[in-house]
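S.K.: Each residue of the sequence shown is one higher than the one before, counting from 1436 in the numbering used here. Dropping a structure here in C-alpha cells format, bear with me for questions.
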Amino acid sequence: MAADLAEKVARYQKLLRAALDDVKKTTPEGTHLNRVADDYLNMAQCYYDDGSNFIKENDPVNALVCFSYGHAWLDAGVRLGVFAVTNRELFAA
C-alpha cells in the first residue's frame, strides 16, 4: 500500500517540532562545539520554517524533505553529543 503523503508530512512536522522543543545544548559558551550546536539548531529550525511554508504553498513533497532534513541535523547533534534530550524515542541516535 502506498504511503499517505498528507499524513506523513503532518507526522514528520510534528516529530521535528517535538525534537526541536526537546533538545538542549550541552556545550560551553564560546567553544567550537557550542558554535556547532548553534548551527545545527539553526539549520533544523530553518528547515522546519521552510517546510511549514511549503505546506502553505501546497507543496507537500518539499515540505516532507525539509522536515526530514531538519530532523537529521538534530539527530546528528545528539549523536555528536552537542545536545541532551529527554525523549530518546524522538531521535535515531
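Where a beta carbon is used, it is the ideal one built from N, C-alpha and C, also for glycine. Every value quoted in this text rests on a predicted model; they were computed, and no experiment measured them.
Any idea what DSSP makes of Ala-1438, helix, strand or coil?
M.R.: Residue numbering aside, residue 1438 sits at position 3 when the sequence shown is read from its first letter. Coil at Ala-1438, not helix or strand.
S.K.: Does DSSP put Ala-1519 in a helix, in a strand, or in coil?
M.R.: By one-based count along the sequence shown, residue 1519 stands at place 84. Looking at Ala-1519 - three-state DSSP - the assignment turns out to be strand.
S.K.: Please look up how many angstroms separate the CB atoms of Val-1444 and Val-1517, rounded, as I've assumed it's under 8 angstroms.
M.R.: If you number the sequence shown from 1, residue 1444 lands on position 9. If you number the sequence shown from 1, residue 1517 lands on position 82. Actually they do not touch by this definition, with Cβ atoms about 28 angstroms apart.
S.K.: What are the start and end residues of each continuous beta strand (DSSP E) run of 3 or more residues lying completely inside the stretch 1446-1515, in chain order?
M.R.: Complete beta strand (DSSP E) runs here, min 3: none at all.
S.K.: Roughly how many angstroms lie between the CA atoms of Val-1520 and Val-1458, to the nearest whole one?
M.R.: Start at 1 with the first residue of the sequence shown, and residue 1520 comes out as number 85. Start at 1 with the first residue of the sequence shown, and residue 1458 comes out as number 23. Approximately 5 angstroms, taken between the alpha carbons.
S.K.: How close, in whole Å, do the beta carbons of Phe-1489 and Cys-1501 come, if the pair is a contact with beta carbons under 8 angstroms?
M.R.: For the purposes of this step, residue 1489 is taken as residue 54 along the sequence shown, with counting starting at 1. For the purposes of this step, residue 1501 is taken as residue 66 along the sequence shown, with counting starting at 1. Contact holds; Cβ gap of about 6 angstroms.
S.K.: Given a cut-off of 7 angstroms on the beta-carbon distance, is the pair Ala-1438 and Leu-1525 in contact?
M.R.: Along the sequence shown, read from residue 1 onward, the residue named residue 1438 stands at position 3. Along the sequence shown, read from residue 1 onward, the residue named residue 1525 stands at position 90. Contact: no.
S.K.: Should Ala-1498 be labelled buried (16 or more other beta-carbon atoms within 10 Å of its own) or exposed?
M.R.: Within the sequence shown, the letter at position 63 stands for residue 1498. Label assigned to Ala-1498: buried.
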